[in-house]
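This report refers to the structure that appears directly beneath it.
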(Lines of atoms letter the chains of each structure in order from A and count residues from 1; the text may use other names and numbers.)
(Lines give C-alpha, C1' and ligand atoms only; values in the text may rest on other atoms or scores of the structure.)
Protein backbone atom coordinates (compact mmCIF):
# COMPACT_ATOMS: atom_id res chain seq x y z
CA UNK A 1 0.00 0.00 0.00
CA UNK A 2 1.34 3.38 -1.04
CA UNK A 3 0.31 6.59 0.71
CA UNK A 4 -0.09 10.01 -0.85
CA UNK A 5 -1.17 13.49 0.20
CA UNK A 6 -3.99 15.35 -1.57
CA UNK A 7 -3.79 19.01 -0.63
CA UNK A 8 -4.79 22.52 -1.68
CA UNK A 9 -4.24 25.98 -0.34
CA UNK A 10 -7.50 26.31 1.56
CA UNK A 11 -8.83 29.72 2.65
CA UNK A 12 -12.02 30.30 4.61
CA UNK A 13 -11.71 34.00 5.37
CA UNK A 14 -9.23 36.82 4.86
CA UNK A 15 -7.46 36.35 8.20
CA UNK A 16 -4.84 34.06 6.62
CA UNK A 17 -2.77 35.36 3.70
CA UNK A 18 -2.24 33.46 0.48
CA UNK A 19 1.49 33.54 1.17
CA UNK A 20 0.96 31.82 4.52
CA UNK A 21 -1.21 29.17 2.87
CA UNK A 22 1.53 28.55 0.32
CA UNK A 23 4.06 28.03 3.11
CA UNK A 24 1.63 25.74 4.95
CA UNK A 25 1.11 23.58 1.86
CA UNK A 26 4.88 23.33 1.45
CA UNK A 27 5.31 22.25 5.07
CA UNK A 28 2.68 19.51 4.75
CA UNK A 29 4.35 18.25 1.56
CA UNK A 30 7.78 18.07 3.21
CA UNK A 31 6.22 16.22 6.16
CA UNK A 32 4.63 13.72 3.77
CA UNK A 33 7.92 13.14 1.96
CA UNK A 34 9.80 12.60 5.22
CA UNK A 35 7.03 10.20 6.25
CA UNK A 36 7.52 8.02 3.19
CA UNK A 37 4.54 9.17 1.15
CA UNK A 38 4.80 8.33 -2.54
CA UNK A 39 3.10 11.37 -4.08
CA UNK A 40 1.67 14.80 -3.36
CA UNK A 41 -1.43 15.62 -5.41
CA UNK A 42 -2.73 19.12 -6.18
CA UNK A 43 -5.84 19.70 -8.27
CA UNK A 44 -7.15 22.52 -10.44
CA UNK A 45 -9.86 24.98 -9.39
CA UNK A 46 -10.69 28.48 -10.52
CA UNK A 47 -11.86 31.59 -8.66
CA UNK A 48 -12.74 29.76 -5.45
CA UNK A 49 -10.91 30.45 -2.20
CA UNK A 50 -11.71 27.18 -0.45
CA UNK A 51 -9.62 25.15 -2.91
CA UNK A 52 -6.96 27.44 -4.38
CA UNK A 53 -5.11 26.14 -7.43
CA UNK A 54 -5.66 27.90 -10.77
CA UNK A 55 -3.01 25.49 -12.06
CA UNK A 56 -1.17 22.76 -10.15
CA UNK A 57 1.94 23.28 -12.28
CA UNK A 58 3.68 26.24 -10.58
CA UNK A 59 3.06 24.77 -7.13
CA UNK A 60 4.40 21.38 -8.18
CA UNK A 61 7.43 22.91 -9.92
CA UNK A 62 8.29 24.75 -6.71
CA UNK A 63 7.81 21.59 -4.66
CA UNK A 64 10.02 19.68 -7.11
CA UNK A 65 12.89 21.96 -6.14
CA UNK A 66 12.20 21.51 -2.41
CA UNK A 67 11.95 17.70 -2.47
CA UNK A 68 13.98 14.72 -3.65
CA UNK A 69 11.83 11.56 -3.59
CA UNK A 70 8.12 12.35 -3.51
CA UNK A 71 6.30 12.32 -6.84
CA UNK A 72 4.51 15.48 -8.00
CA UNK A 73 0.94 14.75 -9.03
CA UNK A 74 -1.24 17.10 -11.03
CA UNK A 75 -4.44 15.65 -9.75
CA UNK A 76 -6.36 16.68 -11.61
CA UNK A 77 -6.09 18.72 -14.81
CA UNK A 78 -9.58 19.61 -16.05
CA UNK A 79 -9.46 18.49 -19.67
CA UNK A 80 -12.02 20.93 -21.18
CA UNK A 81 -10.00 23.92 -19.90
CA UNK A 82 -6.73 22.90 -21.59
CA UNK A 83 -5.28 22.33 -25.06
CA UNK A 84 -3.50 18.95 -25.49
CA UNK A 85 -0.24 20.65 -26.52
CA UNK A 86 -0.22 22.62 -23.26
CA UNK A 87 -0.94 19.52 -21.19
CA UNK A 88 1.77 17.50 -22.93
CA UNK A 89 4.38 20.27 -22.81
CA UNK A 90 3.76 21.47 -19.25
CA UNK A 91 3.60 17.95 -17.83
CA UNK A 92 6.79 17.00 -19.65
CA UNK A 93 8.53 20.13 -18.38
CA UNK A 94 7.50 19.26 -14.82
CA UNK A 95 8.92 15.77 -15.38
CA UNK A 96 12.23 17.32 -16.48
CA UNK A 97 12.26 19.77 -13.54
CA UNK A 98 11.55 16.96 -11.06
CA UNK A 99 13.93 14.49 -12.73
CA UNK A 100 11.21 11.99 -13.57
CA UNK A 101 8.78 12.42 -10.67
CA UNK A 102 5.72 13.81 -12.48
CA UNK A 103 2.33 12.09 -12.51
CA UNK A 104 -0.80 13.52 -14.10
CA UNK A 105 -4.45 12.97 -13.37
CA UNK A 106 -7.08 14.06 -15.88
CA UNK A 107 -10.73 14.76 -15.14
CA UNK A 108 -13.79 16.00 -16.97
CA UNK A 109 -14.57 18.72 -14.38
CA UNK A 110 -17.48 19.00 -11.98
CA UNK A 111 -18.43 22.57 -11.06
CA UNK A 112 -20.77 24.32 -13.49
CA UNK A 113 -19.61 27.58 -11.90
CA UNK A 114 -16.15 26.93 -13.39
CA UNK A 115 -17.49 25.97 -16.81
CA UNK A 116 -19.52 29.19 -16.86
CA UNK A 117 -16.29 31.14 -16.46
CA UNK A 118 -13.71 28.97 -18.22
CA UNK A 119 -15.61 27.28 -21.04
CA UNK A 120 -18.27 29.71 -22.16
CA UNK A 121 -20.98 28.07 -20.14
CA UNK A 122 -20.78 24.64 -21.74
CA UNK A 123 -22.50 22.01 -19.57
CA UNK A 124 -20.14 20.45 -17.07
CA UNK A 125 -21.65 17.10 -18.00
CA UNK A 126 -20.08 17.48 -21.46
CA UNK A 127 -16.54 17.50 -20.08
CA UNK A 128 -16.10 13.78 -20.56
CA UNK A 129 -15.80 14.23 -24.33
CA UNK A 130 -12.72 16.40 -23.88
CA UNK A 131 -11.22 13.94 -21.41
CA UNK A 132 -11.64 10.99 -23.75
CA UNK A 133 -10.10 12.89 -26.66
CA UNK A 134 -7.28 14.35 -24.58
CA UNK A 135 -5.69 11.17 -23.20
CA UNK A 136 -4.46 9.48 -26.40
CA UNK A 137 -3.44 12.83 -27.92
CA UNK A 138 -1.14 13.70 -25.01
CA UNK A 139 0.42 10.24 -25.16
CA UNK A 140 1.06 10.63 -28.89
CA UNK A 141 2.63 14.07 -28.44
CA UNK A 142 5.01 12.67 -25.82
CA UNK A 143 6.21 10.07 -28.35
CA UNK A 144 6.98 12.43 -31.25
CA UNK A 145 5.40 14.19 -34.21
CA UNK A 146 1.64 13.95 -34.34
CA UNK A 147 -1.19 15.72 -36.17
CA UNK A 148 -4.70 15.70 -34.76
CA UNK A 149 -8.10 16.07 -36.39
CA UNK A 150 -10.61 15.48 -33.62
CA UNK A 151 -14.06 16.62 -32.63
CA UNK A 152 -12.75 19.23 -30.19
CA UNK A 153 -9.15 19.97 -31.19
CA UNK A 154 -7.49 20.14 -34.59
CA UNK A 155 -3.84 20.97 -35.17
CA UNK A 156 -1.13 20.18 -37.73
CA UNK A 157 1.93 18.06 -37.07
CA UNK A 158 3.47 18.98 -33.76
CA UNK A 159 5.10 17.38 -30.73
CA UNK A 160 5.66 17.87 -27.03
CA UNK A 161 8.68 20.04 -26.25
CA UNK A 162 10.31 19.08 -24.00
CA UNK A 163 9.86 15.31 -23.83
CA UNK A 164 9.27 13.67 -20.45
CA UNK A 165 12.07 11.78 -18.75
CA UNK A 166 9.92 8.80 -17.79
CA UNK A 167 9.60 6.15 -20.50
CA UNK A 168 7.45 5.18 -22.28
CA UNK A 169 5.50 8.00 -20.60
CA UNK A 170 4.74 9.36 -17.14
CA UNK A 171 1.89 7.73 -15.19
CA UNK A 172 -1.53 8.98 -16.25
CA UNK A 173 -4.54 8.76 -13.94
CA UNK A 174 -8.26 9.12 -14.62
CA UNK A 175 -10.75 10.26 -11.99
CA UNK A 176 -13.44 7.59 -12.43
CA UNK A 177 -16.84 6.87 -10.94
CA UNK A 178 -19.22 5.26 -13.45
CA UNK A 179 -18.47 1.98 -15.30
CA UNK A 180 -17.75 3.76 -18.59
CA UNK A 181 -15.03 5.96 -17.08
CA UNK A 182 -13.43 2.93 -15.39
CA UNK A 183 -13.48 1.05 -18.68
CA UNK A 184 -12.04 4.00 -20.62
CA UNK A 185 -9.20 4.40 -18.11
CA UNK A 186 -8.21 0.74 -18.11
CA UNK A 187 -8.56 0.35 -21.89
CA UNK A 188 -6.22 3.31 -22.34
CA UNK A 189 -3.63 2.07 -19.85
CA UNK A 190 -4.39 4.75 -17.25
CA UNK A 191 -4.38 4.32 -13.49
CA UNK A 192 -7.68 4.98 -11.73
CA UNK A 193 -8.37 7.39 -8.86
CA UNK A 194 -11.70 7.13 -7.05
CA UNK A 195 -13.31 8.89 -4.11
CA UNK A 196 -16.26 7.53 -2.13
CA UNK A 197 -17.02 11.11 -0.96
CA UNK A 198 -19.64 10.90 1.80
CA UNK A 199 -20.41 7.21 1.36
CA UNK A 200 -19.06 4.37 3.48
CA UNK A 201 -16.67 1.55 2.74
CA UNK A 202 -19.41 -0.25 0.84
CA UNK A 203 -18.87 2.44 -1.81
CA UNK A 204 -15.16 1.59 -1.90
CA UNK A 205 -16.14 -2.02 -2.58
CA UNK A 206 -18.55 -0.92 -5.31
CA UNK A 207 -15.91 1.27 -6.98
CA UNK A 208 -13.38 -1.56 -6.75
CA UNK A 209 -15.88 -3.90 -8.41
CA UNK A 210 -16.33 -1.42 -11.28
CA UNK A 211 -12.55 -1.30 -11.63
CA UNK A 212 -12.41 -5.12 -11.64
CA UNK A 213 -15.10 -5.28 -14.32
CA UNK A 214 -13.02 -2.92 -16.44
CA UNK A 215 -10.00 -5.20 -15.94
CA UNK A 216 -12.07 -8.20 -17.00
CA UNK A 217 -13.24 -6.29 -20.09
CA UNK A 218 -9.63 -5.57 -21.11
CA UNK A 219 -7.68 -8.76 -20.42
CA UNK A 220 -4.78 -7.82 -22.70
CA UNK A 221 -4.01 -4.56 -20.88
CA UNK A 222 -1.47 -4.68 -18.02
CA UNK A 223 -3.23 -4.02 -14.72
CA UNK A 224 -3.15 -0.31 -13.83
CA UNK A 225 -3.15 0.97 -10.26
CA UNK A 226 -6.15 1.92 -8.15
CA UNK A 227 -6.10 4.84 -5.71
CA UNK A 228 -8.74 5.70 -3.10
CA UNK A 229 -8.97 9.33 -2.00
CA UNK A 230 -10.54 9.92 1.44
CA UNK A 231 -10.96 12.88 3.75
CA UNK A 232 -8.75 11.87 6.67
CA UNK A 233 -8.47 13.12 10.25
CA UNK A 234 -6.52 11.27 12.94
CA UNK A 235 -6.79 11.94 16.67
CA UNK A 236 -5.29 10.35 19.79
CA UNK A 237 -7.00 7.67 21.86
CA UNK A 238 -6.80 9.84 25.00
CA UNK A 239 -9.19 12.30 23.35
CA UNK A 240 -12.32 10.18 22.75
CA UNK A 241 -14.24 13.15 21.36
CA UNK A 242 -11.43 14.08 18.98
CA UNK A 243 -13.38 12.64 16.05
CA UNK A 244 -15.92 15.45 16.40
CA UNK A 245 -13.27 18.01 15.41
CA UNK A 246 -12.71 16.24 12.11
CA UNK A 247 -16.38 15.47 11.48
CA UNK A 248 -17.47 19.09 12.03
CA UNK A 249 -14.71 20.37 9.76
CA UNK A 250 -15.41 17.89 6.99
CA UNK A 251 -19.14 18.66 7.25
CA UNK A 252 -18.30 22.33 6.71
CA UNK A 253 -16.18 21.38 3.70
CA UNK A 254 -18.98 19.36 2.10
CA UNK A 255 -21.58 22.05 2.82
CA UNK A 256 -19.30 24.51 1.06
CA UNK A 257 -18.90 22.07 -1.82
CA UNK A 258 -22.70 21.95 -1.98
CA UNK A 259 -22.90 25.75 -2.20
CA UNK A 260 -20.41 25.88 -5.07
CA UNK A 261 -21.83 22.86 -6.86
CA UNK A 262 -25.37 24.23 -6.61
CA UNK A 263 -24.30 27.40 -8.47
CA UNK A 264 -27.26 29.35 -7.05
CA UNK A 265 -25.40 32.35 -5.62
CA UNK A 266 -22.74 34.67 -6.99
CA UNK A 267 -19.44 34.32 -5.11
CA UNK A 268 -18.16 37.40 -3.31
CA UNK A 269 -14.44 37.93 -3.89
CA UNK A 270 -13.97 34.18 -4.27
CA UNK A 271 -15.95 33.17 -1.17
CA UNK A 272 -19.25 31.34 -0.79
CA UNK A 273 -20.72 30.57 2.62
CA UNK A 274 -21.40 26.89 3.36
CA UNK A 275 -24.95 25.80 2.71
CA UNK A 276 -26.83 26.05 6.04
CA UNK A 277 -27.07 22.93 8.18
CA UNK A 278 -30.87 23.01 8.12
CA UNK A 279 -30.78 22.38 4.37
CA UNK A 280 -29.59 18.86 5.11
CA UNK A 281 -32.27 17.83 7.59
CA UNK A 282 -33.16 14.29 6.66
CA UNK A 283 -29.80 13.81 4.91
CA UNK A 284 -28.03 11.41 7.29
CA UNK A 285 -24.77 11.51 5.34
CA UNK A 286 -24.19 15.06 6.65
CA UNK A 287 -24.63 14.09 10.31
CA UNK A 288 -21.47 14.01 12.38
CA UNK A 289 -21.96 10.39 13.45
CA UNK A 290 -22.28 9.36 9.81
CA UNK A 291 -19.16 11.28 8.77
CA UNK A 292 -17.29 9.60 11.64
CA UNK A 293 -17.98 6.28 9.91
CA UNK A 294 -17.63 7.29 6.25
CA UNK A 295 -14.66 9.70 6.22
CA UNK A 296 -11.36 8.26 7.46
CA UNK A 297 -11.77 9.72 10.95
CA UNK A 298 -10.52 8.09 14.13
CA UNK A 299 -7.58 6.93 16.17
CA UNK A 300 -4.75 5.07 14.42
CA UNK A 301 -6.12 1.85 15.92
CA UNK A 302 -9.47 2.52 14.26
CA UNK A 303 -8.08 3.63 10.92
CA UNK A 304 -5.52 0.88 10.32
CA UNK A 305 -8.07 -1.97 9.92
CA UNK A 306 -10.11 0.05 7.43
CA UNK A 307 -7.10 0.80 5.24
CA UNK A 308 -6.03 -2.86 5.50
CA UNK A 309 -9.48 -3.77 4.19
CA UNK A 310 -8.84 -1.47 1.23
CA UNK A 311 -5.51 -3.21 0.71
CA UNK A 312 -7.22 -6.61 0.74
CA UNK A 313 -9.64 -5.33 -1.92
CA UNK A 314 -6.68 -4.57 -4.17
CA UNK A 315 -6.31 -0.83 -3.60
CA UNK A 316 -2.73 0.20 -4.40
CA UNK A 317 -2.66 3.73 -2.98
CA UNK A 318 -4.50 5.49 -0.17
CA UNK A 319 -4.53 9.26 -0.54
CA UNK A 320 -4.76 11.30 2.66
CA UNK A 321 -7.11 14.13 1.65
CA UNK A 322 -6.39 16.93 4.08
CA UNK A 323 -8.71 19.65 2.71
CA UNK A 324 -11.20 19.90 5.56
CA UNK A 325 -11.53 23.55 6.75
CA UNK A 326 -9.32 22.96 9.82
CA UNK A 327 -6.46 25.32 10.73
CA UNK A 328 -2.98 24.33 9.61
CA UNK A 329 -1.84 23.26 13.09
CA UNK A 330 -4.71 20.78 13.34
CA UNK A 331 -3.84 19.35 9.93
CA UNK A 332 -0.22 18.96 11.01
CA UNK A 333 -1.20 17.05 14.16
CA UNK A 334 -3.39 14.71 12.16
CA UNK A 335 -0.75 14.06 9.50
CA UNK A 336 1.92 13.50 12.16
CA UNK A 337 -0.22 10.87 13.87
CA UNK A 338 -0.89 9.17 10.54
CA UNK A 339 2.82 9.08 9.66
CA UNK A 340 3.92 7.92 13.12
CA UNK A 341 1.27 5.30 13.84
CA UNK A 342 -0.59 4.30 10.64
CA UNK A 343 2.08 4.14 7.94
CA UNK A 344 4.35 1.71 9.88
CA UNK A 345 1.53 -0.86 9.96
CA UNK A 346 1.95 -1.20 6.18
CA UNK A 347 5.73 -1.43 6.03
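In our numbering, the protein residues as written are 44 to 390.
C-beta atoms are modelled at their ideal positions from N, C-alpha and C, and glycine is treated no differently.
**Request:** Quick one: give me the first and last residue of the beta strand (DSSP E) that residue 119 is part of.
**Result:** 114–121
**Request:** Measure the alpha-carbon distance for residue 109 versus residue 76 and round it to whole angstroms.
**Result:** 10 Å
**Request:** Tell me where the beta strand (DSSP E) around residue 244 begins and ends.
**Result:** Residue 244 -> not in any beta strand (DSSP E); alpha helix (DSSP H) instead, spanning 244–260.
**Request:** Flag this pair as touching only if the segment 73–89 and the segment 114–132 have three or more C-beta atom pairs under 8 Å; answer yes or no.
**Result:** yes
**Request:** Quickly, what does DSSP pair residue 362 with across the bridge? List them, please.
**Result:** 47, 272
**For residue 89: DSSP bridge partner residues** = Answer is none; residue 89 lacks a bridge partner.
**Prompt:** Distance, Cα to Cα, residue 257 vs residue 177?
**Reply:** 20 Å
**Item:** Anticipated Cβ contact below 8 Å, residue 361 with residue 271, distance rounded
**Value:** 6 Å
**Request:** Could you tell me which of 100, 390, 107, 105 sits nearest to residue 117, measuring between CA atoms?
**Result:** 100
**Item:** Buried or exposed by the 16-neighbour rule on C-beta atoms within 10 Å, applied to residue 285
**Value:** buried
**Message:** By alpha-carbon positions, which one of 337, 180, 195 ends up nearest to residue 189?
**Reply:** 180
**residue 224 versus residue 345 - alpha carbon distance** = 32 Å
**Message:** Can you give me the C-alpha to C-alpha distance between residue 367 and residue 227, rounded to a whole angstrom?
**Reply:** 31 Å
**Request:** Using a threshold of 8 Å, state whether the C-beta atoms of residue 57 and residue 93 are closer than that.
**Result:** no
**Request:** List the whole-angstrom C-beta distance separating residue 85 from residue 102, where the pair is believed to meet the contact cut-off of C-beta under 8 Å.
**Result:** 5 Å
**Same chain only: Cβ atoms within 6 Å of residue 269, ignoring 5 sequence neighbours per side** = 235, 254, 358, 359
**Asked** Alpha carbon to alpha carbon, how far is residue 322 from residue 218?
**Response** 29 Å
**Item:** Endpoints, beta strand (DSSP E) assigned at residue 149
**Value:** 145–150
**Item:** Segment contact flag, the segment 276–283 with the segment 299–316, C-beta cutoff 8 Å, min 3 pairs
**Value:** no
**Asked** Can you give the beta carbon distance from residue 338 to residue 274, rounded, assuming they're within the 8 Å contact cut?
**Response** 4 Å
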